[in-house]
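S.K.:
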Amino acid sequence: MSIELALKVVVAPALVIVVGLVLVWRVWRAGEPGWSVSARTEASGRTDALRQGQRWGGASAVVLSGVVLAVAYALGLALVENQMPKLPPHVAEHTLFWLALLGALAGLLEMPRALPWTVRLLTRYAIAAIGVWLITRRKLEMGAWDERTTAIAVAGATLGVVVWWSVLDVLANRVRGAAVPVIVAGLAGASAPLLIFHASWVGGGNLAGVLGSAFGALALIAAWRRDVTMGPGGAAVAGLVFPGLLWTAWLWGYFDAWQWTLLIAMLASVLLAFVMDLPRLRDMPALWREMIRVTLVAVPATAIAVWAVAAAPLDEYLY
Amino acid sequence: MVKQTMAVGVLASALVGGAVVMGIPSGEPAVARASEGAFSVDPVHSMVVFGVGHLGVAKNYGRFNDISGTFNIDRSNIENAFIDITVQAESVDTANESRDKHLRSPDFFNTRQFPTLTFTSDEITAMSRDLPPSHLRATGELTMHGVTKDIEVEIHFIGEGQTPRGYKQGFEARFTIKRSDFGMTKYLEGNGIGDEVDLIVAIEGDRE
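Those protein sequences? They're chains A and B, same order as listed. In terms of our numbering, the first sequence is residues 1 to 319. In terms of our numbering, the second sequence is residues 320 to 527.
Written out as structure tokens, the structure is:
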């Protein structure tokens with residue numbers, strides 16, 4: 001990776017996160033005007049994150065974490081692609097730019113309102129469907145798929161996105177500190193070798209790297225200040241962008257089915273994080289618990305990533 | 320409109336070379352014959368070759384193996400001349416399978432989203448004063464990577480006439496495009512892969 005590319009993929013998104021989050025969590029304090037949301041969100045059951053937020057940054061800072069993450073990802077994508085994505089996107093992968101911003105919007109929509117789960121899920125489904133449609137639509141335009149096939153594919157992929165987003169949201173709301181951002185950063189980073197070496201899509205690997213860098217920087221801050229949280233906005237950004245990237249790779253990259261299966265297995269490995277919430281394990285010291293939680297997810301993801309590098313075509317580096 | 324630079328000059332093209340080797344009459348004896356109707360691209364004897372800078376120190380070349388379309392460089396009735404060429408992006412061939420897969424990926428030609436490259440002429444005019452003209456200028460639309468741009472290319476008429484393989488016509492165009500104009504922007508940093516792409520389009524066709 002050239003220095004210029006490293007600046008785009010790693011440094012720029014991380015810098016936005018560090019500067020943005022420090023500003024957000026320092027400037028917005030609980031009870032300040034503009035985001036008087038605590039009372040209403042208490043009713044929504046999102047109490048943990050907000051109580052944490054009130055110690056340093058306040059409820060509004062929790063809301064704005066998603067916005068900062070979205071801006072960091074969108075900036076990283078524009079730098080990697082060397083262009084500002086249009087709407088509708090010219091190429092499917094530029095949809096990820098808009099998905100990140102939609103994630104921030106979803107975080108804003110979900111945070112201040114005491115929404116029932118059904119409405120929350122329907123809202124997520126509607127937002128995810130927009131992104132999945134933007135990624136998929138060219139299949140219909142080209143005549144590669146008919147309307148029925150396209151509709152089924154969009155509906156199915158959207159369901160998958162919503163499931164992953166919701167799992168991540170539950171995890172982010174339950175687990176404090178750096179654990180969840182580390183998990184997201186690790187999964188994104190681990191997917192890069194598969195995208196680069198097996199789909200021959202270096203840009204896709206870079207886009208996964210941007211996600212990893214943004215959430216990695218968030219994890220560093222969260223390790224320093226445990227009251228910093230990704231909030232529902234952060235969960236929405238990762239919940240939309242990561243499966244959106246994989247859907248793009250599946251539709252438009254050169255993946256074999258088994259490589260795709262490995263990536264889905266990587267996504268699914270996030271479920272292992274819930275093992276640490278089993279009754280017998282709850283009494284474990286917090287630090288150990290979170291370390292084991294991260295390790296459980298990291299082991300299969302790392303194994304897949306190591307295999308992806310080892311099994312890369314021998315002449316992959318020659319051009 | 321994208322202004323194109325172009326190498327002007329008569330080229331010892333593969334078309335003419337091949338004709339000489341095979342004892343097929345070259346273009347000269349047949350040029351006086353008026354063209355009638357369209358010619359369909361002979362994919363075996365047509366070439367689309369591209370060259371692009373690599374790391375700022377060398378040039379790498381490749382070709383597309385699947386070319387189709389129709390044309391007629393009707394020099395005696397030039398307002399009827401036209402070119403309509405389609406190239407299957409998936410057929411990119413640089414003699415390295417891994418690199419070809421990479422070129423097909425969203426990093427470059429993005430062939431699953433944009434399966435074809437096309438050129439459709441709007442107008443063909445004479446450039447040289449000889450009659451019928453051997454140098455022509457074609458203006459038209461080049462679509463690549465899903466982006467359509469107006470371009471201008473110089474056409475060198477190679478020849479036309481009855482051959483042992485039927486009535487044929489051939490031409491060649493050399494021109495340069497900027498891939499970034501077509502939204503292909505990967506690896507521009509550090510001059511990894513150059514922005515300017517030289518193209519040689521050498522077409523042979525059979526009368527339909």
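We put the CB at the ideal spot given by N, CA and C, even for glycine.
Would you kindly report the start and end of the unbroken alpha helix (DSSP H) that includes MET266 of chain A?
M.R.: 257 to 268 is the span of the alpha helix (DSSP H), which, as asked, contains MET266 of chain A.
S.K.: Can you find the residues in the same chain that come closer than 6 Å, C-beta to C-beta, to THR389 of chain B, ignoring five residues on each side of it along the sequence?
M.R.: Cβ within range, chain order: ALA357, SER359 and ASP403.
S.K.: Whose C-alpha, out of B:GLU398, B:LEU436, B:SER453 and B:ALA521, is nearest the C-alpha of ARG498 of chain B?
M.R.: Comparing Cα-Cα distances from ARG498 of chain B to each of B:GLU398, B:LEU436, B:SER453 and B:ALA521, the minimum goes to B:LEU436.
S.K.: If the cut is a Cβ gap below 7 Å, which residues of chain A does LEU507 of chain B touch?
M.R.: Result: ASN82.
S.K.: At what residues does the beta strand (DSSP E) containing GLY521 of chain B begin and finish?
M.R.: The identity of residue 521 of chain B in the sequence shown is Ala, whereas the question assumes Gly. Here the beta strand (DSSP E) through ALA521 of chain B covers 512 to 526.
S.K.: If you check the beta carbons only, do ARG456 of chain B and GLU479 of chain B fall under 7 Å apart?
M.R.: Taking 7 Å as the Cβ cut-off, ARG456 of chain B and GLU479 of chain B do not qualify as a contacting pair.
S.K.: Determine whether the Cβ of ARG120 of chain A lies closer than 7 Å to any Cβ atom of chain B.
M.R.: Cβ-Cβ to chain B under 7 Å: no for ARG120 of chain A.
S.K.: Just the Cα atoms here: how many angstroms apart are ALA303 of chain A and VAL294 of chain A?
M.R.: Near 14 Å, if we compare the C-alpha coordinates of VAL294 of chain A and ALA303 of chain A.
S.K.: Note down, one range per segment and in chain order, each alpha helix (DSSP H) of at least 4 residues found wholly within the segment 171 to 245 of chain A.
M.R.: Segments of the alpha helix (DSSP H) lying fully in the segment 171 to 245 of chain A: 179 to 193 and 202 to 224.
S.K.: Please report the distance separating the alpha-carbon of HIS421 of chain B from that of SER166 of chain A.
M.R.: Cα to Cα, HIS421 of chain B sits roughly 34 Å from SER166 of chain A.
S.K.: From VAL11 of chain A to VAL406 of chain B, what does the alpha carbon distance come to, in whole angstroms?
M.R.: Roughly 40 Å between the two C-alpha positions.
S.K.: Taking the alpha carbon of THR444 of chain B as the point to measure from, which residue in B:MET503, B:PRO362 and B:GLU398 has its own alpha carbon closest?
M.R.: For THR444 of chain B, the nearest C-alpha among the options comes from B:GLU398.
S.K.: If we call anything under 7 Å between Cβ atoms a contact, is PRO193 of chain A one with ALA305 of chain A?
M.R.: A contact, by the Cβ cut-off of 7 Å.
S.K.: Could you name the residues of chain B that ALA92 of chain A contacts, counting a contact when the two beta carbons are closer than 8 Å?
M.R.: Here the neighbours are PRO425 and GLN432.
S.K.: At 7 Å on the CB atoms, spell out the chain A contacts of ASN384 of chain B, in chain order.
M.R.: Correct list: empty, because the minimum Cβ distance to chain A is about 18 Å.
S.K.: Our contact map puts PHE323 of chain A next to PRO243 of chain A with C-beta atoms below 8 Å; I'd like the distance itself, whole angstroms only.
M.R.: This structure does not reach residue 323 of chain A, given that chain A is present from 1 up to 319, and the question cannot be answered.
S.K.: Report yes if the CB atom of GLY76 of chain A is closer than 7 Å to the CB atom of GLY233 of chain A, and no otherwise.
M.R.: Against a cut-off of 7 Å, the Cβ pair of GLY233 of chain A and GLY76 of chain A comes out as no contact.
S.K.: For PRO348 of chain B and LEU79 of chain A, I'd like the C-alpha separation in whole angstroms.
M.R.: Unreliable positioning characterises PRO348 of chain B in this predicted model, as indicated by a pLDDT of 39, which lies under 50. A coordinate reading is not provided.
S.K.: Which residue or residues does DSSP assign as beta-bridge partners of ILE443 of chain B?
M.R.: Answer by DSSP bridge pairing, in chain order: B:ALA457.
S.K.: Count the other CB atoms, across all protein chains shown, that sit within 10 Å of the CB of ASP426 of chain B; report buried if there are 16 or more and exposed otherwise.
M.R.: By the 10 Å Cβ count, ASP426 of chain B comes out buried.
S.K.: Cutting at 6 Å between CB atoms, please list the residues of its own chain near LEU262 of chain A, excluding the five before and the five after it.
M.R.: So the list reads ILE304, once near-sequence residues are dropped.
S.K.: Determine, for GLU4 of chain A, whether the minimum Cβ-Cβ distance to residues of chain B falls below 7 Å.
M.R.: Yes - at least one Cβ of chain B is within 7 Å of the one on GLU4 of chain A.
S.K.: Nearest-angstrom Cα distance between GLY177 of chain A and THR229 of chain A?
M.R.: Distance between the alpha carbons of GLY177 of chain A and THR229 of chain A is about 7 Å.
S.K.: Can you tell me where the beta strand (DSSP E) holding MET366 of chain B begins and where it ends?
M.R.: Looking at the DSSP string, the run of the beta strand (DSSP E) that includes MET366 of chain B is 366 to 373.
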